[in-house]
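Q:
Structure (structure tokens):
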């Protein structure tokens, strides 16, 4: 059905009379609803993620066509990163996860009398529960069947806080205009595991370097914590640099972990890094205010939610 939907509008994507914005609207209104129908209940494997990404990249390549190479003067296909930069919307996997989280919040607000609420929060057991017949909390991808609504709501609030911080930083760096900036980039480590880098910054014109920027919000413990977070993030993402070098054609990569305090504080280490990237103080104040507001919402949820 998805292929039939795609081929029904394929000629429109290659039509030079239609603008790229109109082609994107056709993709979002005609093809995506068919592809993502019922995705709120999917459990997507890495293989299925890859197949969905390949399909979306095929559609985007058809929409945006080829590009003339400034060096050789010939025409070449756009790389995946270039396609998504032109698309400038969340990719299909992020779209699926967003819809799943929205459905999760909807279920969490349902009453006990609703069948969906009972099924997703109590009715099914995980594989580990089936063997031990005891509750077992999930620590991986969000699965509604093994977390209570109260825990789910708290997790959604923490995810929202993290996404807010990431988006503020990424948007400001885009506005600056010196870098290519990508969010939530999937990458493969040398160990074979799949990671998702929060922010990728590429300087092609001057230094020809790439930077993985990974912001995280932690409750403040000691003065050495920001550097500990930095080293923790480096250990996670440095093995992914080979994959990113192949993907973006940039050989020199660095990884920086940015810690923000849950009470709205910004450590000196984080301040120095962001100022080197020319993030203004006004943006830093916006980040601190957003973190503090989100943290207060999380505290309010834990204090007044019925268990």
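Residue numbers (the UniProt record's numbering): 1 to 307. Glycine is no exception: its CB is placed at the ideal position from the N, C-alpha and C atoms.
By a C-beta neighbour count over all protein chains shown, 10 Å radius and 16 as the cutoff for buried, is residue 46 buried or exposed?
A: So residue 46 counts as exposed.
Q: Give me, in chain order, the residues of the same chain whose beta-carbon lies closer than 8 Å to that of residue 83; leave out the 5 immediate sequence neighbours on both sides.
A: Here the set comprises 57, 60, 61, 64.
Q: What ranges does the beta strand (DSSP E) occupy inside the segment 164–249, keeping only unbroken runs of at least 3 residues that lie completely in it?
A: Correct list: 180–188, 194–203, 209–218.
Q: When the Cβ atoms of the segment 95–104 are set against those of the segment 67–82, are three or more pairs found closer than 8 Å?
A: Taking 8 Å as the limit for Cβ pairs, the verdict is that the segment 67–82 does not touch the segment 95–104.
Q: Return the chain-ordered ranges of every beta strand (DSSP E) run that is complete within the segment 20–97 and spans a minimum of 3 residues.
A: Runs found: 66–68, 75–77.
Q: Are the segment 184–194 and the segment 222–234 touching, with three or more C-beta to C-beta distances below 8 Å?
A: No contact exists between the segment 184–194 and the segment 222–234.
Q: Around the C-beta of residue 88, are 16 or more other C-beta atoms found within 10 angstroms, so that it is buried, or is it exposed?
A: Counting Cβ neighbours within 10 Å, residue 88 comes out exposed, since fewer than 16 surround it.
Q: Measuring CA to CA, which of 243, 39, 269, 265 is closest to residue 194?
A: Ranking the options by Cα distance to residue 194, first place goes to 243.
Q: Ordered along the chain, which non-local residues of its own chain (more than five positions away) have a Cβ less than 7 Å from that of residue 299?
A: Counting only Cβ-Cβ distances below 7 Å, and skipping sequence neighbours, we find nothing.
Q: Jot down the residue ranges of each uninterrupted beta strand (DSSP E) in the segment 248–304, minimum 3 residues, whole runs only, in chain order.
A: The qualifying runs are 252–261.
Q: Pick out whichever of 38, 257, 249 has its Cα sitting closest to the Cα of residue 81.
A: Residue 81 has its Cα closest to that of 249, out of 38, 257, 249.
Q: Near residue 2, which residues of its chain fall below 8 Å by C-beta distance, leaving aside the five closest residues on each side in sequence?
A: Result list for residue 2: 31, 34, 35, 55, in chain order.
Q: Using the C-alpha atoms, what's the distance from residue 12 back to residue 171?
A: Going from the Cα of residue 171 to the Cα of residue 12 covers about 32 Å.
Q: Less than 8 Å between the CB atoms is what I'm expecting for residue 260 and residue 217, so what's the real figure, rounded?
A: That belief holds up - the Cβ atoms of residue 260 and residue 217 are roughly 5 Å apart, short of 8 Å.
Q: By Cβ distance, which residues of its chain are closer than 7 Å to residue 179, with the 5 residues on each side in sequence left out?
A: These residues qualify, in order along the chain: 173, 201, 202, 203.
Q: Count the other CB atoms within 10 Å of the CB of residue 215; is the residue buried (16 or more) or exposed (fewer)?
A: Answer is buried; the Cβ neighbour count reaches 16.
Q: Going by the beta-carbon positions, is the gap between residue 99 and residue 39 smaller than 9 Å?
A: Yes. Within cutoff.
Q: Going by C-alpha distance, which of 255, 154, 177 is nearest residue 295?
A: For the residues 255, 154, 177, the minimum Cα distance to residue 295 belongs to 154.
Q: What residues in its chain sit with their C-beta under 8 Å from that of residue 209, if we drop five residues either side in the sequence?
A: These residues qualify, in order along the chain: 202, 203, 250, 252, 253, 254.
Q: Quick one: measure Cβ to Cβ for residue 199 and residue 169, integer angstroms, because I've assumed they're closer than 8 Å.
A: Indeed, because the Cβ distance is near 6 Å, the residues count as touching under 8 Å.
Q: Taking all protein chains shown into account, do 16 or more other C-beta atoms lie within 10 angstroms of the C-beta of residue 108, making it buried, or fewer, making it exposed?
A: So residue 108 ends up on the buried side.
Q: Going by CA-CA distance only, name the one from 28, 70, 20, 175 that's closest to residue 283.
A: Nearest C-alpha to residue 283: 175.
Q: Roughly how many angstroms lie between the CA atoms of residue 134 and residue 292, to the nearest whole one?
A: Below a pLDDT of 50, predicted positions are generally treated as unreliable, and residue 134, at 40, falls in that range; no measurement from the model is reported.
Q: Can you tell me where the alpha helix (DSSP H) with residue 8 in it begins and where it stops?
A: Start and end: 2–13.
Q: Does DSSP put residue 158 in a helix, in a strand, or in coil?
A: It is helical.
Q: Going by Cα to Cα distance, which pick from 70, 238, 212 is closest to residue 190?
A: Among 70, 238, 212, the Cα nearest to that of residue 190 is on 238.
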